[in-house]
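Position in the sequence shown (from 1) plus 3 gives the number in the working numbering. Glycine included, each C-beta is placed from N, C-alpha and C at the ideal position. Predicted model, so just to flag it, every value in this text is computed and none were measured.
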Amino acid sequence: MSSDLIVRYYGAFNAGDLDGMAACVSEDLAHHVNEGQVRRGRAAFVAFNAHMARCYREELRDLAVLSGPPGRFAAEFTVHGTYLRTDDGLPEARGQSYVLPAGAFLTVAEGEITRIVTYYNLADWLRQVA
Numbered sequence: 004m005s006s007d008l009i010v011r012y013y014g015a016f017n018a019g020d021l022d023g024m025a026a027c028v029s030e031d032l033a034h035h036v037n038e039g040q041v042r043r044g045r046a047a048f049v050a051f052n053a054h055m056a057r058c059y060r061e062e063l064r065d066l067a068v069l070s071g072p073p074g075r076f077a078a079e080f081t082v083h084g085t086y087l088r089t090d091d092g093l094p095e096a097r098g099q100s101y102v103l104p105a106g107a108f109l110t111v112a113e114g115e116i117t118r119i120v121t122y123y124n125l126a127d128w129l130r131q132v133a
């Protein structure tokens with residue numbers, strides 16, 4: 004069942020298992036990050052996740068996975084994070100913690116995630132780490 008794949012993907016995220024996350028996505032993944040450019044391909048996704056792991060430690064809680072038409076899913080969760088290292092163009096990191104509601108839209112085909120679109124309130128995050 005595809006929703007199991009989504010749960011496995013977010014379980015790998017929470018475990019800090021970057022290889023496990025990469026194993027859930029297709030080679031031609033379209034990764035739409037909040038307020039950023041679309042990253043295309045598994046290699047770009049892996050590089051993005053390595054960068055994120057250096058700058059942030061996050062746990063997603065209260066995960067709810069919703070299914071729609073075949074292959075289409077939404078996930079809602081609360082991000083509990085710590086800002087570890089200053090990210091380019093963002094405020095200085097000093098170990099600030101934050102809690103944000105967030106969500107994602109995902110597409111699954113042939114047993115792999117082919118698209119991830121993530122949303123959260125950047126202004127709220129900036130306020131929390133300021």
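Asked                                                                                        : Found
The stretch 109-126 in contact with the stretch 30-47 per 3-pair CB rule at 8 Å              : yes
Given R144 as reference, the closest of L8, D7, R45 and A18 once Cα atoms are compared       : Only positions 4 to 133 of the chain appear in the structure, and residue 144 is not among them; the question remains open.
Stretch pair the stretch 76-84 + the stretch 102-120: three plus CB contacts closer than 8 Å : yes
Collapsed DSSP secondary structure at A133 in the structure displayed                        : coil
Distance between beta carbons of C27 and R45, contact taken as under 8 Å                     : About 10 Å; that fails the 8 Å criterion.
Run of the alpha helix (DSSP H) containing R11, from where it starts to where it stops       : S5 to A18
Supposed contact pair S29 and E115 - C-beta distance, whole angstroms, cut 8 Å               : 4 Å
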